[in-house]
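**Student:** Here the protein sequences line up with chains A and B, keeping their order.
With UniProt numbering, letter number 247 in the first sequence gets 247, and the count goes up by one each step, no holes.
With UniProt numbering, letter number 114 in the second sequence gets 114, and the count goes up by one each step, no holes.
Once you've had a glance at the structure underneath, I'll fire off some questions.
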Amino acid sequence: MKTIKQVWDWFEHRLELRDSIWPVMRHPVPAALAKPVGWMYVFGSMTLTLLMLQIVTGVCLAMIYQPTAADAYASLEYLNYEAPFGWLLRAIHYWSATGMVVMLMVHMTQVFLMGAFKYPRELTWIVGVGLLTTTLVLAFTGQVLRYDGDSYWGVSVAVSAAGRVPFAGPSIVHLILGGEYIGSETLSRFFTLHVFILPGLLIGLLVVHLYLVVKRGISEPPTPGQPVDKATYGEEYEKLLEKGIPFFPHALYRDGVACAVAVLIVVGLAVIFGPKGPGEIPDPTLIHAEPRPDWYFLPVFAMAALSPPSMETFLMLGLPVIGILALVAVPFVAGSGERSARRRPVAVLVVLVTFVTLLILGWYGATSPWSPDMEAWSSTPVPAGIVEKLSPLELQGAVVFQNKCCRNCHALEGAGGKRGPDLTEVGIRMNPEAMVRQVVQGGGNMPAYAQQMNSAEVTALVAFLVKLRPAGIPPAAVPSAAAESLVAAPAETP
Amino acid sequence: MPTANLYAIVAAILLLASMSIGCGKPDPAERFVRPDDITDFHVLFQQNCIGCHGATGDLGPAPPLADPLFQAIVSDDQLRETIADGRPGTLMPAFEKDQGGSLTTDQVQILVAGIRETWKAASTPTDKLPPYQVSTADPAGLKDANVMTGKELFETSCAKCHGDAGVGGDAGALNEPALARLMSDIVLRRLIITGRPDLKMPDYVTLGKKSHTGEAFTSEQISDIAAYVRSLQQPTKIAALPADENQ
């Protein structure tokens, strides 16, 4: 016992923690934080805890990961299947990244709605925006390190966006890729960014952020009707703190509990769902890939996909910049005045609209069939229930349907590509004439098949499509004479 | 008390996590395999064939492969050739890489072996079976076929289902001109031999026994019927031309 005390004193004599850390731990915070509302203040700490988890697992992963195009994929497989608990490390790293982004968003929403970004804490918010940006870039670079089809494609998209920057575009592309195409150079660049540069930046910003949090004090829970007035706020806050409670243990214990929950949830998710990928080998010649970014980028992805080509450059380059600038502008636009969300309907509306938009775009990004299902023609059977009803000619028509890859875009009974409408009951809604026109001339995102089908194929195909309707329901009205002449129309390509 | 709730939540999560330990561990069996490296017959068949030949090798729009009688008459080489090169002029695509397909020569071989292994004929006597291919020059034996004999056989067997002159009855029409261009002669012959058990069309033994001859069709009779069906599908040619004019 005595030796421990001696050692402690030896250190204390030199570090003087009692004078530096202890006062920080005991610094007064508004007494209201001891009430349940205090639970609203834990999200920042939760994010920080997950960052710690990221650093610990990240360091372990970096020991095994090979940042070269030749070995990256194999090293991930090694982690997944061979290294003891390698899969768990990867899983925790992935889920904790997810958790970090989620908690950051929750934290920012809370700060925004409780008006904590207002005077005198504007800089804390701005640094926070920097932390958000850095975290998202970390998430992106991390996704690239998972060197699979999605990752490859993610870089391609980022590069094609960067390439459109006026004047500097090509140089930026070269800088990102470290060459003309995606390869080892690219990977080691992203590795350096992900492992050294961005974490360094993040920790730097974090120190400033935490310094500001302590220096400016934790904001008191807002009361409606008590607006922030730059002239008097400082004084009032001082007064509030005189009746305040010490940060440790009263506020810190909640942080402790919340952080423990965060870690448990992340580890739980990691154990249950495991790591993500690696998926397909990153090879541009494998056309089967249907790449999708990690969830945090789905909204951006959806937006780029939905936008008309003329807007794409603006959306991909301009929108992120505008978003960041808007966040930075928040404390300057609304730096004083009411803090309570009850008196700030516009702020509440902004939050709602933002989240609804993100959710819709994210959902769209996650579920939309961006590209046809390239394998459906040969790997998705024509439902047996349909085959049983077909005549010899219609059977041939069904083969035409598969052979000409109609199935890659059109599902039957829900199975197949989703680029065009499901055709299970097309016989009810279209007459043969309209079908021939649709197939021969295409239209509305569907290619024209006039050059790729002979009249026998069109005849069989249309016979098949007409049969696609529930038993007992007549086909759509038939102006047959017109249909006949159109059948004969396509160029003969036997 | 929120703390009590929290402890409950924490406990629940702990329990859940420990209950499912390891279920997130990636299964090596699910690791991504380069398309060229796939050597499992079922995967290859599933990815490349079931779109047309049906999920289980039958009940697809293309001729069933899961048919012991078909397996008994077709040779390995014929299978390999059909898969590798496809059937030019029909909707059966070529699958081997040199032919513009996506499979390696080894993978085609795996498919042949797998089809054999999976749907091999149990114990059909091979000597009495009509040949799948009559000759290389004339695979379905149509050149020497007698359309008139074919007509007679058709009327006493096929017509029951497919209608007189193949206009369609309980089963669909066979006199569609488009069929002449889409379905190859060899497959027409094969369908008369094997029928479509999956679609309730009987094979040549049953068909023959119910026809006026009362016996399983012979190889020549099968060619005759095929020739007659072909003539039905070519309205420009007179349906009942004497056999010698058809040559």
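Heads up, the beta-carbon is just placed ideally off N, CA and C, and yes, glycines get one too.
Here the structure is a predicted model, which is why all the values come from computation and not from measurement.
By the criterion of Cβ-Cβ separation under 8 angstroms, what are the contact partners of Met183 of chain B in chain A?
**Tutor:** Ordered by position in chain A, the residues that pass the 8 angstroms Cβ test against Met183 of chain B are Pro392 and Gln396.
**Student:** Please report how far the alpha carbon of Ala258 of chain A lies from the alpha carbon of Gly38 of chain A, in whole angstroms.
**Tutor:** One C-alpha to the other measures close to 11 angstroms.
**Student:** Do we get a CB-CB distance below 8 angstroms when we pair Ala243 of chain B with the residues of chain A?
**Tutor:** Residue confidence for Ala243 of chain B is low, a pLDDT of 37 falling below 50, so the modelled location carries little weight; the figure read from the coordinates is stated next. False, the Cβ-Cβ gap to chain A never drops below 8 angstroms.
**Student:** Just to confirm the assignment, what range does the alpha helix (DSSP H) spanning Val348 of chain A have?
**Tutor:** Start and end: Pro345 to Thr367.
**Student:** Taking only beta-carbon positions, decide if Pro26 of chain B is within less than 8 angstroms of chain A.
**Tutor:** Pro26 of chain B counts as touching chain A.
**Student:** Identify whether Asp244 of chain B lies in helix, strand or coil by the three-state DSSP scheme.
**Tutor:** The predicted model places Asp244 of chain B with a pLDDT of 36, which falls under 50 and marks its position as unreliable, so this point remains unresolved.
**Student:** Could you check what DSSP says for Ala491 of chain A in three-state terms: helix, strand or coil?
**Tutor:** With a pLDDT of 42 at Ala491 of chain A, under the threshold of 50, the modelled position of that residue is not reliable, and no figure is offered here.
**Student:** Given a cut-off of 8 angstroms, decide if Tyr132 of chain B and Arg190 of chain B are closer than it, judged by their beta-carbon atoms.
**Tutor:** Contact: yes.
**Student:** Please give the ranges of any alpha helix (DSSP H) in the UniProt domain "Cytochrome c" (392-469) of chain A, keeping only runs that are unbroken, at least 4 residues long and fully inside the region.
**Tutor:** Counting whole runs of 4 or more residues, the UniProt domain "Cytochrome c" (392-469) of chain A contains the alpha helix (DSSP H) stretches 392-403, 426-429, 432-441 and 455-467.
**Student:** Across the segment 308-326 of chain A and the segment 388-404 of chain A, are there enough close Cβ pairs to call them in contact, namely three or more that are closer than 8 angstroms?
**Tutor:** No: fewer than three Cβ pairs fall under 8 angstroms.
**Student:** Could you name the residues of the same chain whose beta carbon sits closer than 7 angstroms to that of Leu79 of chain B, not counting the 5 residues immediately before and after it, in chain order?
**Tutor:** The residues are Val112 and Ile115.
**Student:** Give the DSSP bridge partners of residue 496 of chain A, in chain order.
**Tutor:** For chain A, the structure presents residues 1 to 494; residue 496 of chain A sits outside this window and is missing.
**Student:** Reducing DSSP to helix, strand and coil, say where Glu82 of chain A ends up.
**Tutor:** Reduced to three states, the DSSP call for Glu82 of chain A is coil.
**Student:** Thinking just about the alpha-carbon of each residue, which of B:Thr118, B:Lys128, B:Thr82 and B:Thr90 is nearest to the one in Val108 of chain B?
**Tutor:** Looking at the Cα atoms, B:Thr82 is the closest of the given residues.
**Student:** Note down, in chain order, each residue of its chain lying with its Cβ closer than 7 angstroms to the Cβ of Met1 of chain A, except the 5 sequence neighbours on either side.
**Tutor:** Answer for Met1 of chain A: no residue qualifies.
**Student:** Does Pro61 of chain B come within less than 8 angstroms of chain E when only Cβ atoms are used?
**Tutor:** In the displayed structure, chain E is absent; the protein chains listed are A and B.
**Student:** Is DSSP giving residue 249 of chain B helix, strand or coil here?
**Tutor:** Within the shown structure, residues of chain B are numbered from 1 to 247, placing residue 249 of chain B beyond reach of any answer.
**Student:** Between Cys158 of chain B and chain A, is the shortest Cβ-Cβ distance under 8 angstroms, so that the two count as touching?
**Tutor:** Taking Cβ atoms only, chain A never reaches closer than 8 angstroms to Cys158 of chain B, which makes this a no.
**Student:** For Met430 of chain A and Ile50 of chain B, what's the separation of their Cα atoms in angstroms?
**Tutor:** Those two C-alpha atoms are separated by around 28 angstroms.
**Student:** Under the rule that 16 or more other beta-carbon atoms within 10 Å means buried, what is residue 500 of chain A, buried or exposed?
**Tutor:** With chain A represented from 1 up to 494, any question about residue 500 of chain A goes unanswered, as that position is not in the structure.
**Student:** Once DSSP output is grouped into helix, strand and coil, what is the label at Arg190 of chain B?
**Tutor:** Helix at Arg190 of chain B.
**Student:** With a threshold of 6 angstroms on Cβ separation, who are the neighbours of Gly397 of chain A within its own chain once the five nearest residues in sequence on each side are excluded?
**Tutor:** Closer than 6 angstroms at Cβ, skipping near neighbours: Ala460, Leu461, Ala463 and Phe464.
**Student:** Examine the Cβ distances between the segment 371-387 of chain A and the segment 32-44 of chain B and report whether three or more of them are shorter than 8 angstroms.
**Tutor:** No, the segment 371-387 of chain A is not in contact with the segment 32-44 of chain B.
**Student:** Tell me the DSSP secondary structure of Met201 of chain B in three-state form.
**Tutor:** The answer is strand: DSSP assigns Met201 of chain B an E or B state.
**Student:** Closest to Val346 of chain A by C-alpha separation, out of A:Phe112, A:Cys409, A:Glu413 and A:Ala161, would be which residue?
**Tutor:** If we check each option's Cα against that of Val346 of chain A, A:Phe112 comes out closest.
**Student:** Please name the residue in A:Lys215, A:Leu136 and A:Arg121 whose C-alpha comes closest to that of Ala97 of chain A.
**Tutor:** Comparing Cα positions, the closest option is A:Leu136.
**Student:** Measuring CA to CA, which of B:Ala66, B:Arg34, B:Phe217 and B:Gly169 is closest to Leu129 of chain B?
**Tutor:** When only C-alpha atoms are compared, the closest one is B:Phe217.
**Student:** Among residues of its own chain, excluding the 5 on either side of Val29 of chain A, which ones have a beta-carbon nearer than 8 angstroms to its beta-carbon?
**Tutor:** Taken in chain order, the residues that qualify are Gly217, Ile218, Leu241, Gly244, Ile245, Pro246, Phe247, His250 and Ala251.
**Student:** Classify Asp294 of chain A: buried if its beta carbon has 16 or more other beta carbons within 10 angstroms, exposed otherwise.
**Tutor:** Result: buried.
**Student:** DSSP has Gly337 of chain A in a bridge; who is on the other side?
**Tutor:** Paired residue(s): A:Val228.
**Student:** Can you tell which of A:Gly142, A:Thr49 and A:Leu79 has its C-alpha closest to the C-alpha of Met103 of chain A?
**Tutor:** Closest option to Met103 of chain A, Cα to Cα, is A:Thr49.
**Student:** Taking Cβ-Cβ distances below 7 angstroms as the criterion, which residues of the segment 42-71 of chain B are in contact with chain A?
**Tutor:** Answer in chain order: Gln46, Gln47, Asn48, Cys49, Ile50, Gly51, Cys52, Gly54, Ala55, Leu59, Gly60, Pro61 and Ala62.
**Student:** Using a Cβ-Cβ cut-off of 8 angstroms, state whether Ser160 of chain A counts as contacting chain B.
**Tutor:** No, its Cβ sits nowhere closer than 8 angstroms to a Cβ of chain B.
**Student:** When DSSP labels each residue in this structure, what does Leu59 of chain B get in the three-state scheme?
**Tutor:** Note: Leu59 of chain B maps to coil in three-state DSSP.
**Student:** Would you give the residue range spanned by the alpha helix (DSSP H) that Pro308 of chain A belongs to?
**Tutor:** From DSSP, Pro308 of chain A is part of no alpha helix (DSSP H); its letter is neither H nor E.
**Student:** Leu145 of chain A and Phe196 of chain A: beta carbons closer than 8 angstroms?
**Tutor:** Result no, Cβ atoms of Leu145 of chain A and Phe196 of chain A do not sit closer than 8 angstroms.
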